[in-house]
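Numbering (the numbering used here), first residue to last: 19 to 126.
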Amino acid sequence: LVRRAAIGCLLCAMYIVISASMICFNNVVMQQFPYPWELTALHMGFCSLMSFLLYILAPGLFPAMERVQGKTVELLRFFLPLGAFFSIAIYTSNKAYYYCTVGFLYFM
């Protein structure tokens, strides 16, 4: 029981350190590259490219793809709005670095 509690505390501490480091890094990136839409496009483009390459190299990691073959229009109908809202969320979080302090962003 004590060991599980110690592991839980360690994981919480790691989460706090990684989260704070990521916020500080993003703050520096936004100061050096103050273009949130372009940064969002780079983020989403890179993630899409890496996902596509992973699907090409290791299709076994995507077992659900067999069930959706031939349902492209239905998939786009669900995923395009989701992608649009996700890009808006990334843009607004990137834009928040102009107006908010790192401490405030950490507690959001």
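Beta carbons are placed, not taken as given, at the ideal position from N, Cα and C, and that holds for glycine.
- V91 sits away from N45, with the two beta carbons spaced by 8 Å or more.
- For G101, the enclosing alpha helix (DSSP H) begins and ends at 90 to 117.
- With respect to N112, M48 sits close: the two C-beta atoms are nearer than 8 Å.
- Look at F125 here: in three-state DSSP terms it is coil, with no helix or strand label.
- If you draw a straight line from the Cα of T110 to the Cα of P54, it is about 8 Å long.
- Of the candidates F43, T58, F122, F51, T58 places its Cα closest to the Cα of F103.
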